[in-house]
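In the working numbering, the protein residues as written are 4 to 124. Everything on this sheet refers to the single structure shown next.
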């Protein structure tokens, strides 16, 4: 039986196979954008802060191979993509995430809701 540490390491390596390596990315760094609302950026920060507390690795604003779209947060340890809904509707976001690799669980979080660490679980 695999240990939790081994499972996480394997998930990280597998997750990295799906990202566009031609674009810059940094693990456990939060990229911000002036195009996003303050609520959107704050929610991104709060989620990433929780992931750091849990010792999980993530990439923000990452592009997937063969896609011109990027996700808000990719959680490498858990095969999860977190999309934060700010100015886009839920329907627009659902359409966008159809282009993401199927191996990732997709989680939608509204930027204007009260923070709760269970939002990403």
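Yeah, the Cβ is synthetic: ideal placement off N, Cα and C, and Gly gets one too. What you are looking at is a predicted structure, and each value in this text was computed from that prediction instead of being measured.
| request: Reducing DSSP to helix, strand and coil, say where residue 63 ends up. | output: If DSSP states are grouped into helix, strand and coil, residue 63 belongs with the strands.
| Of all the options 119, 114 and 103, which has the alpha carbon lying nearest to the alpha carbon of residue 20? | Comparing alpha carbon positions, the residue from 119, 114 and 103 closest to residue 20 is 103.
| Rounded straight-line distance, which links the Cα of residue 6 to that of residue 84 | Roughly 23 Å between the two C-alpha positions.
| message | When you compare the stretch 101-115 with the stretch 64-71, are there three or more beta-carbon pairs, one atom per stretch, that lie closer than 8 Å? | response | Look at the beta carbons and you see the stretch 101-115 touching the stretch 64-71: at least three pairs across the two are nearer than 8 Å.
| task | Note down, in chain order, each residue of its chain lying with its Cβ closer than 6 Å to the Cβ of residue 8, except the 5 sequence neighbours on either side. | result | Here the set comprises nothing.
| said: Within the continuous alpha helix (DSSP H) that includes residue 41, where are the two ends? | reply: Per DSSP, residue 41 belongs to the alpha helix (DSSP H) from 41-56.
| Spatial distance of residue 73 from residue 116 (CA atoms) | C-alpha separation (whole angstroms): 22 Å.
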